[in-house]
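Below is one structure, written out as structure tokens; the observations come after it.
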Amino acid sequence: MKIYPVADRLYILVDEMVDKKGRIFLPAVHSERTRTATIMAIGDEVDSKKFKVGDSIIIAWHAGLHLHLIGEDIVGDLHRIISINEILAKYK
């Protein structure tokens, strides 16, 4: 399934947090942390000079709408649709 966000929204894949030994890291208190993500698709109103598919971004922990599509590969809280205003920074 291909997802096409509309307007000023982006489809992102949030990076899993792992500790230095390669295990998944689940912090006890995460309400004010940030997460990194990769842009998978952009809406038609997003400035393509600022953001493009494949860019790495930083978002707030609970930013965006979590996608849960039963019967597809898109299950869990790693797939999200976010507004352009929810991006905190872009990094390389």
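Going letter by letter, the sequence shown gives residues 131 to 222 in the numbering used here. Using N, Cα and C, we set each Cβ at its ideal position, and we do this for glycine too. None of the values given here were measured: they were computed from a predicted structure.
Q: With distances taken Cα to Cα, identify the nearest neighbour of K220 among D138, K132, I169 and G194.
A: Closest by alpha carbon: I169.
Q) Excluding five sequence neighbours on each side, which residues of the same chain lie with their C-beta closer than 7 angstroms to the C-beta of I189? A) T164, R165, A167, I212, E216, I217 and L218
Q) Would a C-beta distance cut-off of 7 angstroms place V183 and D138 closer than the cut-off? A) no
Q.
Since Y134 and A171 should fall inside the 8 angstroms C-beta cutoff, what is the C-beta to C-beta distance between them, to a whole number of angstroms?
A. 6 angstroms between Cβ atoms; contact.
Q: Rounded to whole angstroms, what's the CA-CA distance from K179 to K222? Just pull it up for me.
A: C-alpha of K179 to C-alpha of K222: approximately 15 angstroms in a straight line.
Q.
Please report the straight-line C-alpha distance between D174 and V136, rounded to a whole angstrom.
A. 6 angstroms
Q. Assuming H209 and L143 make a contact with CB atoms under 8 angstroms, what is their CB distance in whole Å?
A. 6 angstroms
Q. Where does the unbroken beta strand (DSSP E) through A193 begin, and where does it stop?
A. Segment: none, A193 is in no beta strand (DSSP E) and carries neither H nor E.
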